[in-house]
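Residue numbers (this note's numbering): 48 to 186. Heads up, the beta-carbon is just placed ideally off N, CA and C, and yes, glycines get one too. Values in this document were obtained by computation on a predicted structure and should not be read as measured data.
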């Protein structure tokens, strides 16, 4: 599965994590996945290979396990304004897909926060300084 995210805003975003839900029907169901950045304005390459999925059996309509892969380990995880990044999510391990053994994934998402512009820091510092002057003037 490949997907591209685009930053169509005028501010940069720091990408924090890749979130998804996973549910395995049986122990031999496919479990190992790889997440990598294929291209874009952030660092490319392998992010993580994991198979740490615990939920087995149960009802497919139930709540899947939440799973998170940190993106903060990338050398550059800032998605600049007006740029994009393409991710690849691969299921590596096809252990046993007979007898109903399956792994389900859903609710893929990227979590990130806006990076404040330097002018924002100056505004905060100015407001703090003004508050100090007003407090001293009051006393």
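Would you mind giving the Cβ-Cβ distance between residue 114 and residue 69, rounded to the nearest angstrom? I have them listed as a contact below 8 Å.
As a working mapping, residue 114 is identified with position 67 in the chain shown. As a working mapping, residue 69 is identified with position 22 in the chain shown. About 5 Å separates the two Cβ atoms, so the contact holds.
Could you tell me which whole beta strand (DSSP E) segments of length 3 or greater appear in the region 54-131?
Listed in chain order, the complete beta strand (DSSP E) runs (minimum 3 residues) inside the region 54-131 are 60-71, 80-87, 92-97, 112-117.
Let me make sure I understand the geometry here. Which of 91, 72, 76, 71 has the alpha-carbon closest to that of residue 51?
Residue mapping note: residue 51 aligns to position 4 of the chain shown, counting from 1. Per the Cα distances, 91.
From the DSSP output, in three-state form, read off residue 149 for me.
For this step, residue 149 is matched to residue 102 along the chain shown. In this structure, residue 149 counts as coil in the three-state DSSP scheme.
From the DSSP output, which residues share a beta bridge with residue 161?
The residue labelled residue 161 in the question sits at position 114 within the chain shown. Paired residues: 60.
Let me make sure I understand the geometry here. Which of 156, 182, 139 has the alpha-carbon closest to that of residue 79?
Walking along the chain shown from the start, residue 79 turns up at place 32. Closest by alpha carbon: 139.
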